[in-house]
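J.:
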Amino acid sequence: GAGVSQSPSNKVTEKGKDVELRCDPISGHTALYWYRQRLGQGLEFLIYFQGNSAPDKSGLPSDRFSAERTGESVSTLTIQRTQQEDSAVYLCASSGTSGGGETQYFGPGTRLLVL
Amino acid sequence: DQQVKQNSPSLSVQEGRISILNCDYTNSMFDYFLWYKKYPAEGPTFLISISSIKDKNEDGRFTVFLNKSAKHLSLHIVPSQPGDSAVYFCAATGYGNKLVFGAGTILRVKS
Chain B
1 GAGVSQSPSN
11 KVTEKGKDVE
21 LRCDPISGHT
31 ALYWYRQRLG
41 QGLEFLIYFQ
51 GNSAPDKSGL
61 PSDRFSAERT
71 GESVSTLTIQ
81 RTQQEDSAVY
91 LCASSGTSGG
101 GETQYFGPGT
111 RLLVL
Chain Z
1001 DQQVKQNSPS
1011 LSVQEGRISI
1021 LNCDYTNSMF
1031 DYFLWYKKYP
1041 AEGPTFLISI
1051 SSIKDKNEDG
1061 RFTVFLNKSA
1071 KHLSLHIVPS
1081 QPGDSAVYFC
1091 AATGYGNKLV
1101 FGAGTILRVK
1111 S
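What follows is the structure in structure tokens.
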């Protein structure tokens, strides 16, 4: 598999439940990003991992959101006590070396619907 | 604080004509700019980029122009094709920093 993969592709949950979204980046990519796209809006940066550096969490909208990454592999985005406004497509992207200006390759996204 | 703005939410163009998508930015530290294209139910895909040391970059039917003094860039698609119908995102970054995306412009190419 050459591309970024995400799972699940769709998730429907009830308000107040926790959800965990997974991202498998392209092998060898050191940088990994999470974005959110709400209906009718642009891409909203959430969090950025670069190698072993401390992640840039400046885009996380609240303390209900957290993300982990093990080394340069899989990342999980966790949303605790989901709210209806968390409904969105959550996109993961990875890039080669320094992040930032490197081209980012996106996964297909996870469509989250909070009822 | 919207550092990257795409002021046209949508654009409709006849097949064969030129599509011009515009993007403005406010952060003078941005030095690298990218355009992404997104089809429904798919993630964005990289289209073309430009460094701040250049004012034009061309790749086939796609050309990106950068006007640093105006903090403005544009994407030209010539000739436009129905398969170009998608959402186009402008993005910008300064060295080592995260990409900042615009809100996107929906392009519809009519045949």
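Chains as they are written, first to last, in the numbering used here: chain B, 1 to 115; chain Z, 1001 to 1111. Quick reminder that beta carbons are idealized off the backbone N, C-alpha and C, glycines included.
Rounded to whole angstroms, what's the CA-CA distance from Q1006 (chain Z) to S66 (chain B)? Just pull it up for me.
T.: 29 Å
J.: Any chance you could list the beta strand (DSSP E) runs of at least 3 consecutive residues sitting entirely within the segment 52–108 of chain B, in chain order?
T.: Listed in chain order, they are 65–69, 75–79 and 88–95.
J.: Can you check DSSP and say which residues form a bridge with T1045 (chain Z)?
T.: Z:K1037
J.: Give a yes or no on whether 8 Å exceeds the smallest Cβ distance from P108 (chain B) to chain A.
T.: Given the protein chain composition of this structure (B and Z), no chain A is represented.
J.: Can you grab the Cα-Cα spacing for the pair D24 (chain B) / V1078 (chain Z), in whole Å?
T.: Going by C-alpha positions, D24 (chain B) is about 36 Å away from V1078 (chain Z).
J.: Examine chain B for any beta-carbon lying closer than 8 Å to the beta-carbon of E1015 (chain Z), and answer yes or no.
T.: no
J.: Name, going along the chain, the residues of the segment 39–71 of chain B whose beta-carbon falls closer than 7 Å to a beta-carbon of chain Z.
T.: Q41, G42, L43, F45, Y48 and D56
J.: Tell me whether T30 (chain B) is buried or exposed, calling it buried when 16 or more other Cβ atoms sit within 10 Å of its Cβ.
T.: buried
J.: Between G107 (chain B) and G1043 (chain Z), is the Cβ-Cβ spacing less than 8 Å?
T.: yes
J.: Looking at the C-beta of Y90 (chain B), does it have a partner C-beta in chain Z at a distance below 8 Å?
T.: no
J.: Excluding the 5 residues flanking L21 (chain B) on each side, which residues of the same chain have their C-beta closer than 6 Å to its C-beta?
T.: L77, Y90 and T110
J.: So L1066 (chain Z) is in the beta strand (DSSP E); what residue range does that whole segment cover?
T.: Counting along the chain, the beta strand (DSSP E) containing L1066 (chain Z) begins and ends at F1062 to N1067.
J.: Going by beta carbon distance, what residues of the same chain come within less than 7 Å of P8 (chain B), once the five residues before and after it are set aside?
T.: T110
J.: Please classify G100 (chain B): is it buried, with 16 or more other beta-carbons within 10 angstroms of its beta-carbon, or exposed?
T.: A caution first: G100 (chain B) carries a pLDDT of 48, below 50, which makes its placement in the model unreliable, though a value can still be read off. When all chains shown are included, G100 (chain B) counts as buried.
J.: For T103 (chain B), return the contacting residues in chain Z, with the cut-off set at a CB-CB distance below 9 Å.
T.: L1034, F1046 and S1049
J.: Run down chain B in chain order and give the residues with a C-beta less than 8 Å from the C-beta of G1102 (chain Z).
T.: G42
J.: Answer yes or no: does any C-beta atom of chain B fall closer than 8 Å to that of G1060 (chain Z)?
T.: Taking Cβ atoms only, chain B never reaches closer than 8 Å to G1060 (chain Z), which makes this a no.
J.: From the DSSP output, read off the bridge partner residues of Q50 (chain B).
T.: B:A31
J.: What does a CB cutoff of less than 6 Å around D18 (chain B) pick up in its chain, not counting 5 residues either side in sequence?
T.: If we look at D18 (chain B) and ignore the five residues flanking it on each side, its Cβ neighbours are Q80.
J.: Would you please verify whether the beta carbon of G100 (chain B) is less than 8 Å from any beta carbon of chain Z?
T.: Because G100 (chain B) carries a pLDDT of 48, less than 50, the predicted location of this residue cannot be relied on, and the following value inherits that uncertainty. Put simply, the CB of G100 (chain B) is near chain Z, with a gap under 8 Å to one of its CB atoms.
J.: In chain order, what residues of the segment 1076–1089 of chain Z put their CB closer than 7 Å to some CB of chain B?
T.: F1089
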